[in-house]
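Contents: one structure, followed by commentary.
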Amino acid sequence: MAEPRVDALLARCRAIVGDAYVVTDAVAMAPFMADWRGRYSGSGRAVVLPSDTAQVAAIVAACAAARVPLVPQGGRTGLVMGSVPDTSGHAIVLSLRRLNRIRAIDPLNRTMTAEAGCILADVQAAASAAGMLFPLSLAAEGSCTIGGNLSTNAGGTAVLRYGNARALCLGLEVVNAQGEVWDGLRGLRKDNTGYALRDLFIGAEGTLGVITAAVLTLYPAPRAALTALVALDSPRQAVELLGLLQARCGASLTGFELMSAFCLGLVAAQFPALPRPFAQQHPQYALVELSSNESDAHAQALLESSIGEALESGAARDAVVATSHQQAMDLWRLREHIPPAQAAAGKNIKHDISLAVSRIPDFIARADAALQQAFPGCRPVTFGHLGDGNLHYNVAAPAGEAIDAFLAHQEAVNRIVHDLVAQVGGSISAEHGIGMLKREELVRYKSPVELGMMRAIKAALDPLGIMNPGKIL
Ligand code: FAD
Numbered sequence: 002m003a004e005p006r007v008d009a010l011l012a013r014c015r016a017i018v019g020d021a022y023v024v025t026d027a028v029a030m031a032p033f034m035a036d037w038r039g040r041y042s043g044s045g046r047a048v049v050l051p052s053d054t055a056q057v058a059a060i061v062a063a064c065a066a067a068r069v070p071l072v073p074q075g076g077r078t079g080l081v082m083g084s085v086p087d088t089s090g091h092a093i094v095l096s097l098r099r100l101n102r103i104r105a106i107d108p109l110n111r112t113m114t115a116e117a118g119c120i121l122a123d124v125q126a127a128a129s130a131a132g133m134l135f136p137l138s139l140a141a142e143g144s145c146t147i148g149g150n151l152s153t154n155a156g157g158t159a160v161l162r163y164g165n166a167r168a169l170c171l172g173l174e175v176v177n178a179q180g181e182v183w184d185g186l187r188g189l190r191k192d193n194t195g196y197a198l199r200d201l202f203i204g205a206e207g208t209l210g211v212i213t214a215a216v217l218t219l220y221p222a223p224r225a226a227l228t229a230l231v232a233l234d235s236p237r238q239a240v241e242l243l244g245l246l247q248a249r250c251g252a253s254l255t256g257f258e259l260m261s262a263f264c265l266g267l268v269a270a271q272f273p274a275l276p277r278p279f280a281q282q283h284p285q286y287a288l289v290e291l292s293s294n295e296s297d298a299h300a301q302a303l304l305e306s307s308i309g310e311a312l313e314s315g316a317a318r319d320a321v322v323a324t325s326h327q328q329a330m331d332l333w334r335l336r337e338h339i340p341p342a343q344a345a346a347g348k349n350i351k352h353d354i355s356l357a358v359s360r361i362p363d364f365i366a367r368a369d370a371a372l373q374q375a376f377p378g379c380r381p382v383t384f385g386h387l388g389d390g391n392l393h394y395n396v397a398a399p400a401g402e403a404i405d406a407f408l409a410h411q412e413a414v415n416r417i418v419h420d421l422v423a424q425v426g427g428s429i430s431a432e433h434g435i436g437m438l439k440r441e442e443l444v445r446y447k448s449p450v451e452l453g454m455m456r457a458i459k460a461a462l463d464p465l466g467i468m469n470p471g472k473i474l
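Everything in the sequence shown is counted per this note's numbering, starting at 2 for the first residue and increasing by one.
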């Protein structure tokens, strides 16, 4: 494209959002171009920061007229290189950060209408101030945005009870690829009026349109939450414990996270100030959270009797129940420090996979064995949201082996893990999405029929191909 057309587009953007919100200086643009993990940096013509839906619509329409691609960006915490442009330098980054207003809370309908750039922690705080709960919770909640959460259909630690981001959204406002505003901000729990457009934009990673606001589902704030760490012999025992707790506690069971001994060993080595709840090491651990809308005493009685039953029946080895808020936070910190402990110990080959819960023990055994055969001494770093069938099945280099030399085997390691996932009917992306990182894996594992329908949807909604090109498809 001739540069004068780009100059004209940037002049139009400045007229729409104001000079201060069209960034073209390379140094100022750099943070918007860099992937969260620091492994990749793209380049773009400008970063544009609109402040409301009308401005977003005008920017998208101007980009469509100029045939200039757009990369929607929220908190840039995504882990699959979805919110940064490619290296062609053609795209404009559309940052939604300034669309950060909570528009309304409807306590009787238990909904909140929030703009896309609202930080997740701020949405949680606004719900809490209104005496309710917005249950989406993940370690990046201080930086990620609701628009990014919905565009990646984020999961996190409370999916077991409340579902993922899609399940927490009743309506959307979207600027489509033509720059038109679709007002779908309906706070309805039932709406069978044709195709579920809302669900198309959720999880689309910015490839179909720009989410500008959402109606979010709120829940009554629980009166009590209790946390326990349970020591286990094996992943199979973890699945049995999960079944027992679901049977005894029902909807009160809000979290069930699996962590291997190797994961907690990494945390202990990298963060020695964190507590070590058990005197001896066990092969596996489950972090369990129970919530109650009745009382502390009710939650405690339920948790203690359920875990007591598990210990007696041999479904668990040992257990620590937090007796204070501080102790509960300390137990959760063990879980939250696994990714930083991994990063500090050296890069891993990562997999964010989803499996039927019942198949997880067998999958771990088979994947561990296959990897040991191919790469003797490699160390699986296995943890995740077991209650949702979501494992972070990461693989660290054998002790003493140069990390870069091991990372060179990424393709072969991915093949072993993802082929096995496909064999047992699982998914290669449970919650992080596809972005640029897993695009080739998607083509490998989706059927031609499924890919064909996805491409048809993309072509119908974004015929010019300007919405986040090169992501997902
Ligand atoms: P970004 O990274 O800015 O964007 C993500 C994608 O959404 C991109 O494709 C982007 O183009 C698109 N997008 C962003 N905003 C919009 C919009 N308004 N309209 C259209 N498209 C848009 N994820 C989980 O699911 N569960 C976890 O437990 C979890 N834990 C994490 C822990 C850490 C420490 C980190 C760094 C990340 C974690 N993530 C997790 C991944 C990440 O936080 C989520 O994917 C999050 O939802 C991304 O939100 P964001 O605002 O940062 O989006």
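Backbone N, C-alpha and C define an ideal beta-carbon position, used for all residues, glycine too.
The residues Gly156, Ser355, Gly385, Ala431 and Glu432, in chain order, have a CB closer than 7 Å to that of Asn391 in the same chain once the five nearest residues on each side in sequence are set aside. Between Ala346 and Leu267, the CB-CB gap stays under 7 Å.
The three-state secondary structure of Cys170, taken from DSSP, is strand.
Rounded to whole angstroms, Leu275 and Arg334 show a C-alpha spacing of 8 Å.
If you compare the alpha carbons of Arg445, Val57, Ala413 and Tyr394 with that of Val182, the shortest gap goes to Val57. Ranked by Cα distance from Asn165, the first of Leu186, Ala270, Ile203 and Glu310 is Ile203.
In the three-state reduction of the DSSP assignment, Phe376 falls in the coil class, being assigned neither a helical nor a strand state. With 16 or more other Cβ atoms inside 10 Å of its own Cβ, Leu121 counts as buried.
Short of 8 Å from the beta carbon of Ala178, and not among the five residues preceding or following it, lie these beta carbons of its own chain, in chain order: Val61, Ala65, Leu209, Gly210, Leu462, Asp463, Pro464, Leu465, Ile467 and Met468. Between Val124 and Ile147, the C-beta gap is smaller than 7 Å, which places the two residues in contact. Phe263 is the residue among Asp363, Gly75, Phe263 and Cys170 whose C-alpha sits nearest the C-alpha of Ala342. By the C-beta criterion, the segment 21–39 is judged to be in contact with the segment 76–96, since at least 3 inter-stretch pairs fall below 8 Å. Relative to the non-hydrogen atoms of ligand 1, the Cβ of Cys14 never comes closer than 6 Å to any of them. Below 8 Å, too few C-beta pairs join the segment 123–138 and the segment 183–193 to call them touching: fewer than three.
For Pro449, the secondary structure class from DSSP, reduced to helix, strand or coil, is helix. The C-beta distance from Leu332 to Thr255 rounds to 14 Å, too long to fall under 8 Å, and the pair is not in contact.
Residue Ile106 holds the alpha-carbon nearest to the alpha-carbon of Leu217 among Gln374, Arg336 and Ile106.
With respect to the 7 Å criterion, Gly436 and Met82 are classified as neighbours on the basis of their beta carbons. Met30: member of the alpha helix (DSSP H) spanning Ala27 to Met34, first to last residue.
As DSSP reads the structure, Ile93 sits in a beta bridge with Ala47 and Leu71. In this structure, the CA atom of Gly19 is about 9 Å from the CA atom of Pro51.
In the DSSP assignment, His352 is bridged to no other residue. 7 Å or more divides the Cβ of Glu258 from the Cβ of Ala316.
The bridge partners DSSP lists for Ala280 come to none.
In this structure, Thr158 lies near Ser138, with their beta-carbon atoms less than 7 Å apart. Residue state for Thr78 is assigned as coil, using DSSP reduced to three classes. At least one heavy atom of ligand 1 sits closer than 6 Å to the Cβ of Thr153. Looking at the backbone, the Cα of Leu408 and that of Phe364 are separated by about 22 Å. If you draw a straight line from the Cα of Asp184 to the Cα of Pro136, it comes to about 25 Å. Between Val231 and Pro278, the C-beta spacing is not below 7 Å. For Ser325, no pairing in a beta bridge is given by DSSP. In the DSSP assignment, Leu230 is bridged to Leu288 and Val321. The secondary-structure analysis by DSSP pairs Phe263 with nothing; it has no beta-bridge partner.
Following the DSSP letters along the chain, one finds Ala115 inside the beta strand (DSSP E) bounded by residues Thr112 to Glu116. With the rule of 3 Cβ pairs closer than 8 Å, the segment 348–362 counts as touching the segment 416–423. By the neighbour-count definition (other C-beta atoms within 10 Å, threshold 16), Glu313 is an exposed residue.
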